[in-house]
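Be aware that the sequence shown starts at 21, since it is given in the numbering used here, and climbs by one per residue.
Yeah, the Cβ is synthetic: ideal placement off N, Cα and C, and Gly gets one too.
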Amino acid sequence: MKLIKNIIILNLLLLTFINNAHADLKDVEKFTFKFTSKIFEIIQKKTSIDDIRKELIEEISENININVTAKFVLGKYWKQCNVTQQNYFKKIFKDYLILNYAPKFQGYNDESFNIIETKKLAPGKYSSKIKVSLSDNTNFEIILYIIEHDKKFKIVDIVGEGISFSATQRTEFYYIIKNNGIEKFLEILNQKVIKLKNS
């Protein structure tokens with residue numbers, strides 16, 4: 021009798037775990053769908069390029085976790101920065117990231133997308149693969165890497181055509197800091213941001 025009770029309890033726990041896992045993935049898919057739909061809505065508006073870019077910047081800014089991404093791209097140099105340098109880097113890196121990505125979404129019309137697969141990678145960590153179909157019948161895939169923090173989902177990396185934005189920036193920043201030091205690196209990055217804002 022005791023054995024039967026234990027089996028029932030284990031089955032109930034397993035069902036609860038499975039249901040929670042499915043609920044998590046559904047929430048992540050909702051986040052992915054909402055974010056991607058909004059991006060497509062913005063880029064297909066019949067307004068000026070400046071207005072489209074402004075809306076894209078706002079949407080991307082609201083949906084990324086700059087703290088996690090900033091620490092990752094600086095790697096070992098994050099701990100070598102003082103608090104002032106860390107905060108300054110987060111500010112200019114956020115601008116750099118958004119200004120880099122926003123133009124990439126411009127110029128598309130009559131596109132559609134499907135969420136192919138959403139995975140739970142670890143507690144609070146997910147990936148969502150999106151297939152984008154272009155008007156010329158070509159397709160490409162994007163993978164969003166997402167974390168859950170304070171019951172909110174945020175993007176920490178975007179992979180397109182097998183290339184990770186965060187990993188690419190980590191490599192680039194590593195060599196700049198290695199050759200120039202942290203202070204000079206911050207100056208160089210700030211100049212890049214200024215150039216992007218004026219482009």
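Let me know the secondary structure DSSP gives residue i once reduced to three states.
i, result
"T138", "strand"
"K217", "helix"
"D156", "coil"
"S148", "strand"
"E181", "coil"
"S57", "helix"
"K174", "strand"
"L206", "helix"
"E131", "coil"
"Q211", "helix"
So the candidates are the options; which of them puts its Cα closest to the Cα of residue i?
i, options, result
"S219", "I59, V48, I69, E49", "I69"
"T52", "L164, Q64, N210, N102", "L164"
"G180", "T188, S132, F92", "T188"
"I183", "E78, F160, K54, V48", "F160"
"D47", "Y195, S186, K145", "K145"
"Y195", "E137, Y97, I150", "Y97"
"K114", "S148, T191, E82, T56", "E82"
"I136", "Y121, P143, V152", "V152"
"S155", "L76, Q64, K50", "Q64"
Check whether chain C comes within 7 Å of residue i, counting only Cβ atoms and requiring the distance to be less than that.
i, result
"N134", "No chain C is part of this structure, which consists of one protein chain only."
Please give the ranges of any alpha helix (DSSP H) in the region 45-98, keeping only runs that are unbroken, at least 4 residues long and fully inside the region. Entirely contained in the region 45-98, the alpha helix (DSSP H) runs reaching 4 residues are, in chain order, 69-82, 86-94.
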